[in-house]
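**Student:**
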Amino acid sequence: MQLQIEHVCSLPSRQTCVICSHFFQPNLARVIVYTKDEAQGDLCPACLSQGASFVRTRLEQTLNLSAS
Ligand SMILES: [Zn+2]
């Protein structure tokens with residue numbers, strides 16, 4: 000799993016968090032989750048603030064990934 004921070008020039012439209020499925024308004028820096036070089040989606044600030052291990056655990060549950 001990789002987290003990639005993307006800086007955008009203009010305020011993006013509302014996104015859905017890949018983990019908690021809540022709508023949120025991204026800041027100028029979006030955080031995108033990548034697994035196996037595939038973008039899975041955006042992370043909301045609330046999930047992001049829980050830390051990387053939380054994100055990984057929830058992501059594995061959500062995407063049904065094998066732990067690796
Ligand atoms: Zn979230």
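Each residue of the sequence shown is one higher than the last, beginning at 0 in numbering that gives the first Met the number 0.
Here a beta-carbon is modelled for each residue, glycine too, at the ideal position from N, C-alpha and C.
Under the assumption that residue 41 contacts residue 30 (Cβ atoms under 8 angstroms), give the Cβ distance between them as a whole number of angstroms.
**Tutor:** About 7 angstroms separates the two Cβ atoms, so the contact holds.
**Student:** Residue 12: which of 38, 28 and 46 sits nearest, CA to CA?
**Tutor:** 28
**Student:** For residue 54 and chain B, any beta-carbon pair shorter than 8 angstroms?
**Tutor:** Given the protein chain composition of this structure (a single chain), no chain B is represented.
**Student:** For residue 31, list the residues DSSP reports as bridge partners.
**Tutor:** 3 and 41
**Student:** What residue range does the alpha helix (DSSP H) around residue 60 cover?
**Tutor:** 51 to 62
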